[in-house]
Ligand code: SF4
Ligand code: SF4
Ligand code: SF4
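Numbering (UniProt numbering), first residue to last: 1 to 374.
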């Protein structure tokens with residue numbers, strides 16, 4: 001009998017453990033449309049957590065160029081090919097997940113594969129490589145030839161495949177915030193998690209012979225701060241916080257608002273079945289079948305809403321990248337939006353309209369003339 005509820009799939013599914021959701025779940029929304037591929041996030045994580053021996057190829061945060069890029073190489077092409085073509089109907093997933101057999105039974109182990117060593121060599125292979133050559137006269141809404149940046153960290157999944165596969169029970173999901181961690185003392189480096197994680201976000205350290213992964217910057221999150229990769233983001237594309245299941249969604253929580261209320265932020269490859277907790281606002285210029293496979297059936301509607309935002313949605317999108325504190329609640333005012341942290345303290349106030357100042361040609365106080373270009 002299916003034993004857990006996966007709301008991304010709108011159905012129950014098989015998973016080797018009980019359905020025990022954490023008290024609250026760490027998560028994030030990334031707006032792909034705003035990313036400039038600068039890799040500042042990647043280096044922020046690297047300079048904080050992964051600069052020791054054996055971590056040379058560990059990029060807990062990476063930004064890859066789709067459709068061809070991937071770290072490790074072709075990670076998603078390989079796992080989606082293994083899973084095979086699957087179906088959605090009326091927003092509900094009709095196919096199998098990586099935990100299930102075609103007749104809906106629990107697999108002995110999650111469907112996966114172990115990347116070869118050489119596939120971890122290039123963190124940014126096919127950077128800025130588009131799908132084909134670009135002709136003249138391309139315009140929105142969809143470009144025949146496209147590329148976009150996909151920002152990737154561990155998804156701190158509700159049903160982690162890494163955890164399900166670990167024979168040592170070294171991987172655990174924290175009940176207080178849903179962050180998924182590897183207990184370095186229990187890990188023996190069998191790398192079952194590396195094969196099982198469909199997103200390939202557990203990484204083996206050949207010096208310590210243990211597996212490591214993104215820790216969601218939990219020491220910062222515990223203090224109400226946002227992770228390093230979010231704080232450093234140059235494009236202000238990232239907003240981290242708390243994600244509720246749909247029946248507990250709070251309309252004034254910015255993540256719940258974007259995910260549940262406006263439905264513009266979607267999970268990456270929901271068909272895998274892990275219920276990932278990093279959500280993406282899809283890129284509007286990309287061919288729809290590609291996005292449907294990557295983000296599920298909500299992609300066209302999400303793009304439509306993102307393209308024509310009303311006042312409230314526009315305001316919430318302005319909260320991205322405005323504060324190092326975790327915004328747990330927002331309030332929309334007539335001309336600005338306010339964000340509040342977990343203590344109820346106001347941590348940000350953003351005007352809805354950028355103030356515009358016209359400077360006088362003759363600045364008498366400073367005895368200067370300003371020759372503004374038209
Ligand atoms: S993304 Fe991979 S490593 Fe992270 S929790 Fe999910 S299954 Fe585990
Ligand atoms: S959340 Fe922290 S540990 Fe995870 S990728 Fe970002 S900076 Fe690295
Ligand atoms: S820092 Fe932000 S804009 Fe730059 S690559 Fe990372 S996610 Fe994209």
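Here a beta-carbon is modelled for each residue, glycine too, at the ideal position from N, C-alpha and C.
Short Cβ contact (8 Å threshold) for residue 259 with residue 251: no
Option in 65, 169 and 71 with minimal Cα separation from residue 57: Measuring from the Cα of residue 57, the nearest candidate turns out to be 71.
Ranges of the beta strand (DSSP E) found wholly within the segment 209 to 259, counting only runs of at least 3: 210 to 213 and 238 to 243
Under the three-state DSSP convention, the category residue 13 falls into: strand
Buried or exposed (CB count within 10 angstroms, at least 16 for buried), residue 62: buried
Start and end residues, beta strand (DSSP E) containing residue 326: No beta strand (DSSP E) contains residue 326, which DSSP labels as neither H nor E.
Sufficient close CB pairs (3 or more, under 8 Å) joining the segment 117 to 136 to the segment 146 to 157: yes
Beta-bridge pairing of residue 88 - partner residues as DSSP gives them: 93
For residue 238 and residue 98, the rounded distance between their alpha carbons: 28 Å
Residues of its chain near residue 5, where Cβ-Cβ distance is below 7 Å and the 5 sequence neighbours each way are ignored: Excluding residues within five positions, the ones whose Cβ falls inside 7 Å are 12 and 19.
Whole beta strand (DSSP E) elements within the segment 62 to 86, 3-residue minimum: 62 to 66
4-residue-minimum alpha helix (DSSP H) runs that sit fully inside the segment 93 to 170, ordered along the chain: 161 to 165
Three-state class that DSSP yields for residue 349 in the structure shown: strand
Buried/exposed call for residue 36, threshold 16 Cβ in 10 Å: exposed
Residues near residue 313 in its chain [Cβ-Cβ closer than 6 Å; skip 5 each side]: 262
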